[in-house]
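Residue numbers for the sequence shown follow UniProt numbering, beginning at 1 and rising by one. Taking it in order: structure first as structure tokens, then the write-up.
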Amino acid sequence: MVGLLMTRPYDAAQRFVSELPAALIGDLEVIYSPLLQVKPLNETIDLDGFSAVVFTSSNGVSVAAKSLGRVGLHAFCLGERTTLAAEKAGWQSQFCGMTADDLVSDLLKRRLSGRILHLRGQHSRGDVAARLSKAGLDCREKVIYDQLVLPLTNEASTALSLSRDLVVPLFSPRTARQFADLCPQGAPIHLIAMSDAVASQLKLLKYKDLKICMNPDALSMERLVRQVAEQLVRVESGGLAQ
């Protein structure tokens, strides 16, 4: 049976798998092995004097919600899932693009006048606050959570040691780097990277195949995972996947 190795935090991984066709999931062995763990830093978040916040991940939304409760300020968000999470948490959320470049460009076009606070994780890409400040906006940043790397589970290590095909979607550069460090060379893996930045962390890893999403979003990842997995299931069964 073709395997699907999910390396996202468990809740996010389960949500992603649930969005795949039920018939396809029935033909796969799904293995969960989160390689990152979100750890809130229990920092006091003081929004006094700020007119808006920036979220670049749904993790930031979740951590902020636990600290602040429901806050009615504007929240400028990176990605559709982050935007939706912020809306559900009570922010006046606004979608500002799928990449850090999109976000910075969008905020500069809005010509915001108040102070902005970027609530982010310890490991963040894009230098959002620094770029906005350099361009003239009053933007600060605060690290409110860390992302700790985790080892592979025993189940994942066993799956990687077998001679069967394994589909491995990777959603972030840091997760990809951790996977590349832990994955045994020669494992029959089919890698799917959400972006070029994710794929760049996999250069030294031997694999059967590597595909990169055209757009860095969950929908593009879902389509590509489905495409690769269905093809492997057809080859394995010698017929057409239902």
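Just so it is clear, CB atoms sit at the ideal spot from N, CA and C, and this is done for glycine as well. Computed from a predicted structure; not experimentally measured.
- Contact annotation, ALA229 with VAL17: C-beta distance approximately 11 Å; criterion of less than 8 Å not satisfied.
- In this structure the segment 121-129 lies against the segment 137-156, because at least three pairs of beta carbons, one per stretch, are closer than 8 Å.
- Contact check for HIS74 and GLN92: beta-carbon distance about 5 Å, within the 8 Å limit, so the pair qualifies.
- The segment 2-36 contains, as complete alpha helix (DSSP H) runs of 4+ residues, the segments 10-18, 22-26 (chain order).
- Membership of PRO169 in the beta strand (DSSP E) is indicated by the continuous run 166-170.
- Look at the beta carbons and you see the segment 148-162 touching the segment 172-188: at least three pairs across the two are nearer than 8 Å.
- Sorting GLY79, LEU219, LEU137, ASP27 by C-alpha distance to the C-alpha of ALA52 places LEU137 at the top.
- Of the other Cβ atoms in all chains shown, 16 or more fall within 10 Å of the Cβ of ASP165; this residue is therefore buried.
- For the pair of segments examined, the segment 22-36 was found not to touch the segment 60-76: the number of CB pairs separated by less than 8 Å stays below three.
- One thing to note: LEU232 has its Cβ no nearer than 8 Å to the Cβ of LEU210.
- Here the alpha carbon of ILE116 sits roughly 6 Å from the alpha carbon of PHE50.
- Within 10 angstroms of the beta-carbon of ALA199 lie 16 or more other beta-carbons, which makes it buried.
- VAL143 places its beta carbon 8 Å or farther from that of LEU103.
- Counted as a single uninterrupted DSSP element, the stretch harbouring VAL63 is not any beta strand (DSSP E) but the alpha helix (DSSP H) occupying residues 58-68.
- Burial of LEU78 is indicated by the presence of at least 16 other C-beta atoms within 10 angstroms of its C-beta.
- Annotation for GLU236: MET1, VAL2, ASP165 place their beta carbon closer than 8 Å to its own, counting only its chain and skipping 5 residues before and after.
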